[in-house]
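Down below is the structure, laid out as structure tokens.
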Amino acid sequence: MIELEGLTKRYGEKVAVNNLSFTVRPGIVTGFLGPNGAGKSTTMRMILGLDHPTAGDVRIDGKHYQQLKDPLTYIGALLEAKAWHGGRTAYNHLLCLAQSNGIPRSRVRDVLETVGLTAVAKKKTKGFSMGMGQRLGIAAALLGDPRILMFDEPVNGLDPEGIHWIRTLMKSLASQGRTVFVSSHLMSEMALTAEHLVVIGQGRLLADTSMADFIDRNSRSYVRVRSPQRERLLDVLHQAGIVAVESGDGVLEVDGGKAEHIGELAAQHRITLHELSPQQASLEEAFMQLTAESVEYHAHSGTSPASPEPPRQQWGDGWKRG
Amino acid sequence: MSSPQPQMPQAAPAWQAAPGSAPHPGGPGYTSPIPVVRTHLGNAIASEWTKIRSVRSTMWTLGVFVLLVVGIGLLTGIVVSSSSSDLSGENALSLGFFGLLLGSMCIITLGVLTTASEYGTGMIRTTMVACPSRGRVLAAKAIVFFLVAFVVTLVAASLVAFLHVAMLDGNGAKEPSGGEWLKSTVGISLYIALLGLLSLLIGSIIRHSAGAITIMIGTVLAPLVIALFMFSESLQGVRDALFEYSIPSQLSVFYANSLNTASQSGPSGWDPLWIILGATAVAFAGAFALQEKRDV
Ligand SMILES: Nc1ncnc2c1ncn2[C@@H]1O[C@H](COP(=O)(O)OP(=O)(O)O)[C@@H](O)[C@H]1O
Ligand SMILES: [Mg+2]
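Read top to bottom, the protein sequences are chains A and B.
Counted from 1, the first sequence has number 84 at position 85 by numbering that gives the first Met the number 0; the numbering is strictly sequential.
Counted from 1, the second sequence has number 134 at position 135 by numbering that gives the first Met the number 0; the numbering is strictly sequential.
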């Protein structure tokens, strides 16, 4: 279990992490989602005692990281950037880590086997591809067979087969009762692996919710309707008790999966339809909407509002706990 | 396809089926079958020993060091013994000075790389995650490096000392006393190893290999060079101090032929060892305090 309490990190003027409080529970995969620069890596570095928090506190099973005497058997972490000496072999890199925590040498072979790097164990790591680097980082995380695992953007640089492997690995680790905390900037990735979701933007907590809840709330299905006889269609729908919302450009949106019903009504009343298409708002869209105001670097500025502080969407607040 | 490909990974960890790792043994959470040990400085030392012996830069710097010390030692020995020059009362050990002066650059480089390269590569994050006690990491690095540097220097310096004494037997060299033997082998090795340790600490403070190496080489050479350019009479005192306390001149104190014989002031006997020991202690305190305070 990892507990964050008002965790804050300032680099000079820049507030990288702003008053974060949440708990990562054992037995499930908890996704840590946020756009680039949201503060995910900084939060993880503070959990590991690498960066000192400006304010607040973070504890691992009630202890500060510094108090752990054999940390690798307690918590294993894959860091964002490659964190090893390229001139050392994969085997020696893992060996020096094992020795520092009194982990039996045999574990080095075991984890190299687990991540599929046995064949290159005696090769210098500087020749490794990005995917192999991720595997080495994961091997280091698994070395102490820890009860807590933390992965910072683990699928970065992995090929599809590797991505599938890491998803399966994370789920199986969680099913053994371990705490698994994994960050990503991709909603789609989280939807496939995480059971619980923590969303941050510009260092602030935006959502702390179960994945099922998040999907329920955000995967809205609706029907898009366009017609040259819009007014008549609205009347007909109204009489049939169907609520339609105009969404600009003469497009009507009807919540729920009622495409057949709408088509039949239109036919009965001889209304011409130019479009009748069932739609599913993607989780990616929901995530983008949630973090819209907190994205650091917008790709375009045409639609950005002129007001300095746009009204913050409140609908994410409902999931926040505490 | 030059880069080796990883083999097909398994879908689940191999130890999943290991006895004792069944899901939720004894309540919530996961209990590892790996025995939990309370780690100590010895674990960190074992780790640092693996690190230092598993990178090329160690072999390179120490290899070049031995080559310089022994090579230059042999050369000076051959030149002096084949010329008809008469050492008239000097002992033969003093010829070892030149090789060790040049060789010290290699030990400085290795010292800096031991700490600074971890910051350059990002390894330091992995190191600190594995061992959150930052003081223990620094102490382990210091101990391992110091022992390696001391042993290698002692072997090289002793070899050269025996060679010189044997080669210059017929050149009127004085038989070195026990104290002179001790200073030119153990003494100089302690000094060089401490100089390397100082470099290691500067590397930890600067966190940048090239920067720290430049600073250390500057520290060795600058006082002598600056002293050479102080012509003015009014600066005589500063000039002498710079000269006498420069690292090359401190090194020469370990050989009877002190560069300082003219002035009769400055460090003598075992003084240089206490000076570098003091400097290293101060640097250790500084490096430790900074390491505790800074983010990794
Ligand atoms: N060491 C640092 N010094 C200054 N700013 C930093 C540092 N580390 C991170 N930041 C800033 O903090 C913010 C959060 O960064 P990061 O935690 O890497 O985000 P994420 O991992 O979510 O992409 C970014 O704006 C980044 O530029
Ligand atoms: Mg990041």
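Note that CB positions come from ideal geometry on N, CA and C, so glycine has one too.
- Not one heavy atom of ligand 2 falls within 6 Å of the beta-carbon of residue 50(B).
- Linking residue 102(B) to residue 121(A) through their CA atoms gives a straight-line distance of about 32 Å.
- Closer than 7 Å to the CB of residue 290(A) there is not a single CB belonging to chain B.
- At a cut-off of 7 Å between C-beta atoms, residue 55(B) counts as an interface residue with respect to chain A.
- Taking CB atoms only, residue 111(B) has no neighbour in chain A less than 7 Å away.
- Collapsing the DSSP output to three states places residue 219(A) in coil.
- Within the region 174-200 of chain A, the alpha helix (DSSP H) runs of at least 4 residues that lie entirely inside it are, in chain order, 186-192.
- Judged by their CB atoms, residue 59(A) and residue 145(A) are not nearer to each other than the 7 Å cut-off.
- Residue 208(A) carries a strand assignment under DSSP once its states are collapsed to helix, strand and coil.
- In its chain, beyond the 5 residues on either side, 222 and 223 have a beta carbon closer than 6 Å to the beta carbon of residue 245(B).
- Here the region 24-32 of chain A does not lie against the region 45-59 of chain A, with fewer than 3 beta-carbon pairs under 8 Å apart.
- By the CB criterion at 7 Å, residue 37(A) and residue 200(A) fall inside the cutoff.
- Ligand 2 has no heavy atom closer than 6 Å to the beta-carbon of residue 81(A).
- Interface flag for residue 55(A) against chain B is unset, since no Cβ pair is found closer than 7 Å.
- Contacts between residue 130(B) and chain A, judged by CB atoms closer than 7 Å, involve 99 in chain order.
- Per DSSP, the beta bridge partners of residue 31(A) are 182(A) and 197(A).
- Look at residue 166(A): its C-beta is not under 7 Å from any C-beta on chain B.
- Taking 8 Å as the upper bound on Cβ-Cβ separation, chain B lies near residues 134, 139, 141, 143, 144, 145, 146, 161, 164, 167 and 168 of the region 134-168 of chain A.
- The beta carbon of residue 40(A) sits closer than 6 Å to at least one heavy atom of ligand 2.
- Residue 193(B) and residue 175(B) have their alpha carbons spaced roughly 25 Å apart.
- Counting of Cβ neighbours within 10 angstroms places residue 38(B) among the buried residues, the total reaching 16 or more.
- Counting only Cβ-Cβ distances below 7 Å, residue 81(A) has contacts in chain B at 121, in chain order.
- For the region 97-145 of chain B, there is no continuous beta strand (DSSP E) assignment of 3+ residues that stays within its boundaries.
- Counting only runs of 4 or more residues that sit fully inside the region 116-161 of chain A, the alpha helix (DSSP H) segments are 129-141, in chain order.
- Against chain A, the beta carbon of residue 140(B) has no neighbour under 7 Å; the closest one sits roughly 12 Å away.
- Proximity of the beta carbon of residue 18(A) to ligand 1 is not indicated: no heavy atom of the ligand is located closer than 6 Å.
- Using a 10 angstroms sphere on the CB of residue 62(B), the tally of other CB atoms stays under 16, which defines it as exposed.
- Only those residues of the region 198-216 of chain A whose C-beta falls short of 8 Å from the nearest C-beta of chain B would be listed, and there are none.
- DSSP, reduced to helix, strand and coil, places residue 75(A) within a strand of the structure shown.
- Inclusion of residue 137(A) and residue 114(A) in the CB contact set at 7 Å is warranted, their separation being smaller than that value.
- Relative to ligand 1, even the nearest heavy atom lies 6 Å or more away from the CB of residue 193(A).
- For the options 162(A), 152(A) and 235(A), the alpha carbon positioned closest to that of residue 79(A) is the one of 152(A).
- Exclusion of residue 98(B) from the 6 Å shell around ligand 1 follows from its C-beta lying no nearer than that to any non-hydrogen atom of the ligand.
- Residue environment: residue 12(A) is assigned as exposed (fewer than 16 neighbouring CB atoms within 10 Å of its CB, all protein chains considered).
- Interface flag for residue 62(B) against chain A is unset, since no Cβ pair is found closer than 7 Å.
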